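Take the sequence shown: its position 12, counted from the start at 1, is 12 in UniProt numbering, and no numbers get skipped. Shown next, in structure tokens, is the structure this report addresses.
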Amino acid sequence: MYPFSESLDDLEKMVADKFKDVKNKNVKTPVWNTHPYGKDQLKTKTYVTPVKDLRSLLVTFPIPDLQDQHKSGPDSYLAHLIGHEGPGSLLSELRKRSWCNSLVGGPRHGAKGFAFFTVTVDLTLDGIEHDIVELILISI
Numbered sequence: 001m002y003p004f005s006e007s008l009d010d011l012e013k014m015v016a017d018k019f020k021d022v023k024n025k026n027v028k029t030p031v032w033n034t035h036p037y038g039k040d041q042l043k044t045k046t047y048v049t050p051v052k053d054l055r056s057l058l059v060t061f062p063i064p065d066l067q068d069q070h071k072s073g074p075d076s077y078l079a080h081l082i083g084h085e086g087p088g089s090l091l092s093e094l095r096k097r098s099w100c101n102s103l104v105g106g107p108r109h110g111a112k113g114f115a116f117f118t119v120t121v122d123l124t125l126d127g128i129e130h131d132i133v134e135l136i137l138i139s140i
């Protein structure tokens, strides 16, 4: 179901009318065969002094473009494992140590040919003082 009062046929006609003058130029999607992050950009830490009171850790991993595997979802599987909240999970360990409030992981699609997997951790004041990255790497 869709939350519109118009029928699907009417909506289709409305959209088709708006885009009827757009020409198909058969433009090919560019593909990047190499990841934009080279060895010089990997294994680096960047510290930022926020304007607001934020304590976030963002860990970014370069991964291959997995969009052609969207049906099996390997990146979603990893996101599920990273974001698991049960006993023995990364999040439960960080919370047990009072080092984080929340954690989320997931894919970030760059362009055709490359992607990223990010893990974002909302840290506590105590968590800032500890090596959370090591625990993330151990859990992966």
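Note that the Cβ used here is the ideal one computed from N, Cα and C, for glycine as well. Since we're looking at a predicted model, the values are computed, not measured.
Membership of ARG95 in the alpha helix (DSSP H) is indicated by the continuous run 90-96.
Excluding residues up to 5 positions away in sequence, PHE117 lie with their Cβ nearer than 6 Å to the Cβ of PHE61 in the same chain. The three-state secondary structure of ASP122, taken from DSSP, is strand. Judged by DSSP in its simplified three-state form, VAL22 adopts coil rather than helix or strand. By the CB criterion at 9 Å, ILE140 and CYS100 fall outside the cutoff. Under a 10 Å Cβ-count criterion, VAL119 is classified as buried, with 16 or more other Cβ atoms of the shown protein chains found around its own Cβ.
In the DSSP assignment, GLY105 falls within the beta strand (DSSP E) that extends over 100-111.
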